[in-house]
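Sequences listed follow chains A and B, in order. So the first sequence is numbered by my numbering: it starts at 43 and just counts up by one. So the second sequence is numbered by my numbering: it starts at 43 and just counts up by one. Glycine included, C-beta positions come from ideal geometry on N, C-alpha and C.
There are 2 protein chains.
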Amino acid sequence: MTKNSKTLSSGLEDYIETIYIAQLKNLPLKGADLARQLCVSRASVSEALAKLVAKKLITYNSYETISLTQLGIEFAQNVYNKHHTLKMFFEQVLFIAPDEAGENACKIEHIISQNVLNRMTEFTEFCRQNEKFLTEFKKEITRK
Amino acid sequence: MTKNSKTLSSGLEDYIETIYIAQLKNLPLKGADLARQLCVSRASVSEALAKLVAKKLITYNSYETISLTQLGIEFAQNVYNKHHTLKMFFEQVLFIAPDEAGENACKIEHIISQNVLNRMTEFTEFCRQNEKFLTEFKKEITRK
DNA sequence: ACAAAGTGTTAGGTTTGCCTTACATTAATA
DNA sequence: TATTAATGTAAGGCAAACCTAACACTTTGT
Chain A
43 MTKNSKTLSS
53 GLEDYIETIY
63 IAQLKNLPLK
73 GADLARQLCV
83 SRASVSEALA
93 KLVAKKLITY
103 NSYETISLTQ
113 LGIEFAQNVY
123 NKHHTLKMFF
133 EQVLFIAPDE
143 AGENACKIEH
153 IISQNVLNRM
163 TEFTEFCRQN
173 EKFLTEFKKE
183 ITRK
Chain B
43 MTKNSKTLSS
53 GLEDYIETIY
63 IAQLKNLPLK
73 GADLARQLCV
83 SRASVSEALA
93 KLVAKKLITY
103 NSYETISLTQ
113 LGIEFAQNVY
123 NKHHTLKMFF
133 EQVLFIAPDE
143 AGENACKIEH
153 IISQNVLNRM
163 TEFTEFCRQN
173 EKFLTEFKKE
183 ITRK
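Listed below in structure tokens is the structure:
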């Protein structure tokens with residue numbers, strides 16, 4: 043049974059997303075950095091990177107900076123967009139504090155359907171064009 | 043290291059939620075029914091029920107109907123409320139079809155924070171009191 | 001009441017993702 | 001440059017959740 047190459051486990055999505063963000067910021071990223079950021083052991087990182095190499099999502103040789111392949115970038119952008127959509131929705135529509143919005147986004151990004159996500163994007167945008175509604179909602183919740 | 047008795051794995055939450063729903067409907071539920079509903083083997087159900095008994099969330103003897111303890115009911119209501127909040131939000135605010143709303147709720151209910159959930163409830167309620175906004179949003183999305 | 005159907009458990013496996021320990025390799029710095 | 005620090009990997013384990021196969025027990029239907 044060959045692996046479905048179209049999907050990644052939540053864990054691998056986290057790895058690839060972290061690598062992507064580092065790459066966006068032009069920060070060289072090594073395995074040990076990943077271990078620190080994701081709070082896992084260097085050994086676990088080593089295993090995970092091997093899987094990502096096998097799936098041709100990253101290129102990596104020991105002691106070098108990890109980098110994403112074109113395919114890896116596509117996967118990463120997909121996850122990153124989900125994260126961003128959720129975070130913006132939580133912050134701008136539901137008025138959740140950035141930290142908590144981010145924490146929820148981190149978990150939900152791996153499981154929510156694309157269709158719901160698209161609708162969230164539309165909703166956030168619609169609210170932006172109709173500011174008064176959210177202003178009223180904010181008044182409502184802060185009054186409590 | 044003793045287990046944290048305040049939280050359950052996603053899987054066990056699914057078991058207990060299913061048991062709760064059957065109990066609400068007054069439908070007697072056996073292990074084999076659970077296996078069918080959750081699409082797992084009877085053996086897996088047997089293991090899971092043993093864990094729930096150990097945690098004092100259900101009472102159960104072979105070949106009898108499974109039932110929730112008071113503690114189990116509290117856990118189940120908590121999950122069930124989350125599910126309901128999410129499903130209503132997806133359906134009524136984002137206009138997601140019931141099936142898809144339910145599928146997303148099933149997954150997200152296990153990981154979303156209570157605070158975000160509360161805000162969703164407030165938002166859904168607020169929208170209900172301001173129907174025009176959602177009517178406009180619906181127009182917007184169906185126009186595409 | 002007894003065979004057939006349904007239900008439950010046990011034993012033994014698999015997979016995934018993590019761990020620690022120990023060791024090897026590379027990089028940094030005194 | 002010679003240590004020391006940092007990094008990476010391999011081996012061996014563990015725990016959670018699932019599985020199948022085999023067997024035991026209970027319920028149902030004729």
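Out of curiosity, what's the CA-to-CA distance linking residue i and residue j?
| i | j | result |
| --- | --- | --- |
| Thr111 (chain B) | Leu128 (chain B) | 26 Å |
| Gln65 (chain A) | Phe132 (chain A) | 26 Å |
| Cys158 (chain B) | Lys186 (chain B) | Position check: residue 158 (chain B) holds Val in this sequence, whereas Cys was assumed. Rounded to the nearest angstrom, the two C-alpha atoms are 29 Å apart. |
| Ile154 (chain B) | Ala143 (chain B) | 15 Å |
| Ile108 (chain A) | Glu145 (chain A) | 25 Å |
| Leu71 (chain A) | Asn123 (chain B) | 42 Å |
| Gly114 (chain B) | Lys98 (chain B) | 7 Å |
| Ala139 (chain B) | Glu89 (chain A) | 40 Å |
| Ile100 (chain B) | Thr101 (chain A) | 50 Å |
| Thr184 (chain B) | Leu94 (chain B) | 46 Å |
| Val82 (chain A) | Ser104 (chain A) | 18 Å |
| Thr49 (chain A) | Gln79 (chain B) | 25 Å |
| Gln156 (chain A) | Asn120 (chain A) | 10 Å |
| Ala118 (chain B) | Asn172 (chain B) | 32 Å |
| Glu182 (chain B) | Ile63 (chain B) | 36 Å |
| Asp141 (chain B) | Gln134 (chain A) | 27 Å |
| Met130 (chain A) | Met130 (chain B) | 20 Å |
| Glu106 (chain B) | Leu91 (chain A) | 48 Å |
| Ala96 (chain B) | Glu116 (chain A) | 45 Å |
Using a Cβ-Cβ distance under 8 Å, would residue i count as near chain B?
| i | result |
| --- | --- |
| Phe117 (chain A) | no |
| Ser155 (chain A) | yes |
| Asn120 (chain A) | no |
| Leu80 (chain A) | no |
| Val158 (chain A) | yes |
| Ile61 (chain A) | no |
| Glu89 (chain A) | no |
| Glu142 (chain A) | yes |
| Glu164 (chain A) | yes |
| Ile68 (chain A) | For the record, residue 68 (chain A) in the displayed sequence is Asn; it is not Ile. For Asn68 (chain A), the answer is no, since every Cβ of chain B falls outside 8 Å of its Cβ. |
Whose C-beta lies closer than 6 Å to the C-beta of residue i among residues of the same chain, with five residues either side of it excluded?
| i | result |
| --- | --- |
| His125 (chain A) | Ala147 and Glu151 |
| Thr187 (chain A) | In the structure as shown, chain A starts at 43 and stops at 186, and residue 187 (chain A) therefore has no counterpart that could be examined. |
| Asn68 (chain A) | none |
Excluding the 5 residues flanking residue i on each side, which residues of the same chain have their C-beta closer than 7 Å to its C-beta?
| i | result |
| --- | --- |
| Phe175 (chain B) | Cys169 |
| Met43 (chain A) | Caution applies to Met43 (chain A), whose pLDDT of 38 falls short of 50 and renders its modelled position unreliable; the model cannot decide the point. |
| Leu76 (chain B) | Tyr57, Thr60 and Val87 |
| Lys180 (chain B) | Phe137 |
| Ala74 (chain B) | Arg84 |
Is there at least one non-hydrogen atom of the ligand FMN closer than 7 Å to the beta-carbon of residue i?
| i | result |
| --- | --- |
| Cys169 (chain A) | With respect to the ligand FMN, the structure shown offers nothing to examine, as it has no ligands at all. |
Taking 8 Å as the threshold (beta carbon to beta carbon), is residue i in contact with chain A?
| i | result |
| --- | --- |
| Ser181 (chain B) | With the sequence shown as reference, residue 181 (chain B) is identified as Lys, and Ser is not the correct amino acid for it. Judged by the 8 Å Cβ criterion, Lys181 (chain B) is not in contact with chain A. |
| Asn123 (chain B) | no |
| Lys149 (chain B) | yes |
| Met130 (chain B) | no |
| Arg161 (chain B) | yes |
| Leu136 (chain B) | yes |
| Glu55 (chain B) | no |
| Asn103 (chain B) | no |
| Met43 (chain B) | Residue confidence is low: Met43 (chain B) scores 37 on pLDDT, short of 50, so the model does not pin down where it sits. Its coordinate-derived value is still stated next. No, its Cβ sits nowhere closer than 8 Å to a Cβ of chain A. |
Among the residues of its own chain, which have a CB less than 8 Å from the CB of residue i, if the five just before and after it don't count?
| i | result |
| --- | --- |
| Asn160 (chain B) | none |
Contained alpha helix (DSSP H) runs [length at least 4] in the segment 90-172 of chain A, N- to C-terminal order: Counting only unbroken stretches of 4 or more residues, the alpha helix (DSSP H) elements lying wholly within the segment 90-172 of chain A are 112-130, 140-150 and 156-170, in sequence order.
Segment contact, 8 Å Cβ cut-off, at least three pairs: the segment 47-56 of chain B with the segment 154-167 of chain A: Three or more beta-carbon pairs separated by less than 8 Å are not found between the segment 47-56 of chain B and the segment 154-167 of chain A, which leaves the two stretches without contact.
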